[in-house]
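Numbering (our numbering), first residue to last: 141 to 386. For reference, the structure discussed in these notes is given below.
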Ligand SMILES: C[S@@+](CC[C@H](N)C(=O)[O-])C[C@H]1O[C@@H](n2cnc3c(N)ncnc32)[C@H](O)[C@@H]1O
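This is how it looks when you write it as structure tokens:
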């Protein structure tokens, strides 16, 4: 799959694409990332990409014309959905990531300043995505977040095949939050690791992990428990454990 990223700061992506387990996905082209510097599509001596907002007020607005020129250049190479990162967009969650991870890629637009001229959005943007209910200085971090989450779902990218299925929100674990993790030493600062995890007893370990997932999810994200229940994903043992928490 291929992602075309339109940004005023392509250099922010270079170290990101070369680090960590996901590096393999980018290097092999399993997740191809092509960076487009919006400045290259600006005209005039100053290569302006922004201007003052109509109606006054603080900040600058990204102009439609350089964005349209950049997008048409990308589209001459390929057609793909156009995604704009924005606080007004749909909040990214696991389901959203899975959909992009199973697709052909997209054109990712990273906003800056106060945002983008609405006429460009109306004409070209297919979907707006938000990282959460807070405001970043630019869409680059949101783009990197989506790319990272998509890359780690690709087959063979994580060292331990299938390990992402044990992560929070994954349908393989019924969309629950992850359980706590421990490693050596067995005792640290007077705190012992849970004996169940040291038992070597597979079923006991799995029950302990399941109970912790249920416990944490019930406390922090009860709506995820409801969703698992509604989908028929909770066993009698799960329900008995949850009833005991009340
Ligand atoms: C300073 S923000 C603009 C915020 C905008 N005026 C508003 O209040 O909704 C500049 C750019 O950062 C990106 N951005 C900021 N917060 C974001 C978020 N929560 N999710 C995704 N992108 C975000 C968007 O691309 C946005 O155009």
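Just so it is clear, CB atoms sit at the ideal spot from N, CA and C, and this is done for glycine as well. As the structure is a computational prediction, the values presented were derived from the model and not from experiment.
*asked:* Could you give the first and the last residue of the continuous beta strand (DSSP E) run that contains residue 268?
replied: Here residue 268 corresponds to residue number 128 of the chain shown, with the count starting at 1. Where residue 268 is concerned, the enclosing beta strand (DSSP E) stretches over 267-270.
*asked:* In whole angstroms, give me the CA-to-CA distance for residue 151 and residue 221.
replied: Working through the chain shown from its first residue, we reach residue 151 at position 11. Working through the chain shown from its first residue, we reach residue 221 at position 81. Each residue's alpha carbon lies about 24 Å from the other.
*Compute the minimum distance between the beta carbon of residue 228 and the heavy atoms of ligand 1, and state whether it is under 8 Å.*
Here residue 228 corresponds to residue number 88 of the chain shown, with the count starting at 1. Distances taken from the Cβ of residue 228 to the heavy atoms of ligand 1 include one shorter than 8 Å.
_Beta carbon of residue 251 nearer than 9 Å to that of residue 279_ = The residue labelled residue 251 in the question sits at position 111 within the chain shown. The residue labelled residue 279 in the question sits at position 139 within the chain shown. Closer than 9 Å, so yes.
*Since residue 290 is in the alpha helix (DSSP H), which residue starts that stretch and which ends it?*
Locating residue 290 in the chain shown gives position 150, counting from the first residue. For residue 290, the enclosing alpha helix (DSSP H) begins and ends at 280-291.
_Beta carbon of residue 364 nearer than 9 Å to that of residue 382_ = Within the chain shown, the letter at position 224 stands for residue 364. Within the chain shown, the letter at position 242 stands for residue 382. Result no, Cβ atoms of residue 364 and residue 382 do not sit closer than 9 Å.
_Short Cβ contact (9 Å threshold) for residue 143 with residue 246_ = By 1-based counting over the chain shown, the position of residue 143 is 3. By 1-based counting over the chain shown, the position of residue 246 is 106. Judged by their CB atoms, residue 143 and residue 246 are nearer to each other than the 9 Å cut-off.
*Return yes when at least one heavy atom of ligand 1 lies under 8 Å from the C-beta of residue 273, else no.*
As a first step, residue 273 must be located in the chain shown, where it is residue number 133. Because some heavy atom of ligand 1 lies under 8 Å away, the Cβ of residue 273 counts as near it: yes.
*asked:* With DSSP as the reference, identify every bridge partner of residue 203, one or two as the case may be.
replied: In the chain shown, counting from the first residue as 1, residue 203 sits at position 63. As DSSP reads the structure, residue 203 sits in no beta bridge.
*Should residue 250 be counted as a contact of ligand 1 given a C-beta to heavy atom distance under 8 Å?*
Here residue 250 refers to the residue found at position 110 of the chain shown. Yes, Cβ of residue 250 sits closer than 8 Å to a heavy atom of ligand 1.
*asked:* Whole angstroms are fine: how far does the CA of residue 226 sit from the CA of residue 216?
replied: On the chain shown, position 76 is the one that residue 216 refers to. On the chain shown, position 86 is the one that residue 226 refers to. Cα to Cα, the separation comes out at about 25 Å.
*Taking one C-beta from the segment 313-321 and one from the segment 161-169 each time, how about it: are there three or more such pairs within less than 8 Å?*
The segment 313-321 is not in contact with the segment 161-169.
*Where the alpha helix (DSSP H) containing residue 355 begins and where it ends*: Translated into the one-based positions of the chain shown, residue 355 becomes position 215. Residues 342-360.
*Around the C-beta of residue 323, are 16 or more other C-beta atoms found within 10 angstroms, so that it is buried, or is it exposed?*
Within the chain shown, the letter at position 183 stands for residue 323. By the 10 Å Cβ count, residue 323 comes out exposed.
*ligand 1 heavy atom lying under 8 Å from the CB of residue 205*: Position 65 of the chain shown, counted from the first residue, corresponds to residue 205. Because no heavy atom of ligand 1 lies under 8 Å away, the Cβ of residue 205 does not count as near it: no.
*Cα separation between residue 242 and residue 297?*
In the chain shown, the residue the question calls residue 242 occupies position 102. In the chain shown, the residue the question calls residue 297 occupies position 157. Computed Cα separation, rounded: 14 Å.
*Contact between the segment 286-293 and the segment 329-341: three or more CB pairs below 8 Å?*
Per the Cβ contact rule, the segment 286-293 is not in contact with the segment 329-341 (fewer than 3 Cβ pairs under 8 Å).
_Quick test of your reading: residue 161 and residue 178, contact by CB under 8 Å. State the CB separation rounded to the nearest angstrom._
The count along the chain shown starts at 1 and reaches residue 161 at position 21. The count along the chain shown starts at 1 and reaches residue 178 at position 38. So it is not a contact: roughly 30 Å between Cβ atoms.
*Quick one: grab the DSSP three-state call for residue 241.*
Within the chain shown, numbered from 1, the residue matching residue 241 stands at position 101. Three-state DSSP puts residue 241 in a helix.
_Between the CA atoms of residue 260 and residue 193 - distance to the nearest angstrom_ = Taking the first residue of the chain shown as position 1, residue 193 is located at position 53. Taking the first residue of the chain shown as position 1, residue 260 is located at position 120. Taking C-alpha positions only, residue 193 is separated from residue 260 by approximately 14 Å.
*Determine the burial state of residue 202: buried for a count of at least 16 other Cβ atoms within 10 Å of its Cβ, exposed for fewer.*
Here residue 202 refers to the residue found at position 62 when the chain shown is read from its first residue. It is buried - the Cβ of residue 202 has at least 16 other Cβ atoms within 10 Å.
*Specify the secondary structure class of residue 384 as computed by DSSP and reduced to three states.*
Here the question's residue 384 lines up with position 244 in the chain shown. Helix.
_Segment limits, alpha helix (DSSP H) that includes residue 164_ = Taking the first residue of the chain shown as 1, we reach residue 164 at position 24. It spans 163-168 - the alpha helix (DSSP H) in which residue 164 sits, taken as one unbroken run.
*Do you know offhand how far residue 359's Cα is from residue 249's?*
Here the question's residue 359 lines up with position 219 in the chain shown. Here the question's residue 249 lines up with position 109 in the chain shown. Their backbone Cα atoms lie some 37 Å apart in a straight line.
*Could you check if residue 300 is buried or exposed, using at least 16 other CB atoms within 10 Å of its CB as the buried criterion?*
In the chain shown, the residue the question calls residue 300 occupies position 160. That one is exposed.
*If we count the other Cβ atoms within 10 Å of its Cβ and call it buried at 16 or more, is residue 240 buried or exposed?*
Within the chain shown, numbered from 1, the residue matching residue 240 stands at position 100. Around the C-beta of residue 240, 16 or more other C-beta atoms lie within 10 Å, and the residue is accordingly described as buried.
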